[in-house]
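Residue numbers (our numbering): 348 to 650.
Ideal Cβ placement from N, Cα and C applies to all residues, glycine included.
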């Protein structure tokens, strides 16, 4: 097969655990590629397999621009990919058994798209500090003040951001909004409670002019007043695209009275031009829906 197919641009493999990589023919296929751009390797795997795959990918360092990895790198292989544009790493947890040394010192000068899960926030901050300053999209789940500060100091061209925020992070989050002047899409995915009034106030007062695409996952209860105040204070800004998934919203959708109140608020601010589009999402489906927001269609298609 490797003697025939040498022009594969995209490879995606899942459920690697029982697969044999070395001397399977797959290694020869990878080595033979002349224009491999995107690689996606997902699922639990034996460490021996992971190391073998990492070594194989180094044969294509001049071509590969997008990597999607389902494990914590075992070697320094990512440091060889100077042309890497997008990197996704998904790990189930950030427990101490994972060795993050290879990520801590990682330098990717051309990286633009970063989506990381299961990596400690201090390591994420190091990765952003060591980037080339070209990041336009960052998707992370956990954060702290240092990480937020790294983002707004290093990522002046940032357009899309997903993160979680706690009350203690609100000041630095406001600094991020002030400094990242090209930000246009924001996803806030919070497991913990937050002062939603303060969050909405900061968004209204400090958002860059191009930020109008929002998606909020919020799992604590709050009243309708903060939402209406958010719409009211957003007056004269770009009409917002908004998706909401909240505990109180799910309860409200089970109550016809509350549902009508929500719809009345939304329709009132739609007619005023404050809201262009709004959708209410079920808690169970929010993460599955994460890539379907209208503004995400503007981004490049990567693995």
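Query	Result
Per DSSP, which one or two residues make a beta bridge with residue 606?	BP columns for residue 606 are empty, so no partner.
Can you tell me whether residue 468 is buried or exposed, with buried defined as 16 or more other CB within 10 angstroms of its CB?	buried
For residue 296 versus residue 529, is the C-beta distance shorter than 7 Å?	Residue 296 lies beyond the stretch modelled for the chain, which goes from 348 to 650, so this question has no answer here.
For residue 456, count neighbouring C-beta atoms within 10 Å of its own C-beta (all shown protein chains included) and say buried if the count is 16 or more, exposed if not.	exposed
List the endpoints of the continuous beta strand (DSSP E) containing residue 387.	385-388
Can you tell me whether residue 416 is buried or exposed, with buried defined as 16 or more other CB within 10 angstroms of its CB?	buried
Exposed or buried, residue 429, counting other C-beta atoms within 10 Å across all chains shown (16 or more means buried)?	exposed
Looking at the strands, I want to know which residues DSSP matches up with residue 510.	535
Under the DSSP definition of a beta bridge, which residues are partnered with residue 616?	In the DSSP output, where bridge partners are listed per residue, residue 616 has none listed.
Could you give the DSSP three-state label for residue 578: helix, strand or coil?	helix
With a threshold of 16 other CB atoms inside 10 Å of the CB of residue 515, please say whether the residue is buried or exposed.	exposed
Let me confirm a value: residue 454 is counted as buried when at least 16 other C-beta atoms fall within 10 Å, else exposed. Which label applies?	exposed
For residue 436, which residues in the same chain have their Cβ closer than 6 Å to its Cβ, ignoring the five residues on either side in sequence?	416, 463
For a test of the three-state rule: what should DSSP assign to residue 428, helix, strand or coil?	coil
Straight-line CA distance for residue 534 to residue 509?	4 Å
Give the C-beta separation of residue 524 and residue 549 to the nearest angstrom, bearing in mind that I take them to be a contact with Cβ-Cβ under 8 Å.	7 Å
For residue 498 versus residue 461, is the C-beta distance shorter than 7 Å?	no
Please state if the CB of residue 470 and the CB of residue 450 are separated by a distance shorter than 7 Å.	yes
When you compare the CB positions of residue 385 and residue 413, do they come within less than 7 Å of one another, or not?	yes
Could you tell me which residues DSSP pairs with residue 585 in its beta bridges?	For residue 585, which the question treats as bridged, DSSP gives no partner whatsoever.
From the DSSP secondary-structure annotation, give me the bridge partner or partners of residue 563.	535, 591
Thinking just about the alpha-carbon of each residue, which of 488, 487, 494 is nearest to the one in residue 473?	494
Residue 625 lies in the beta strand (DSSP E); which residues open and close that run?	622-627
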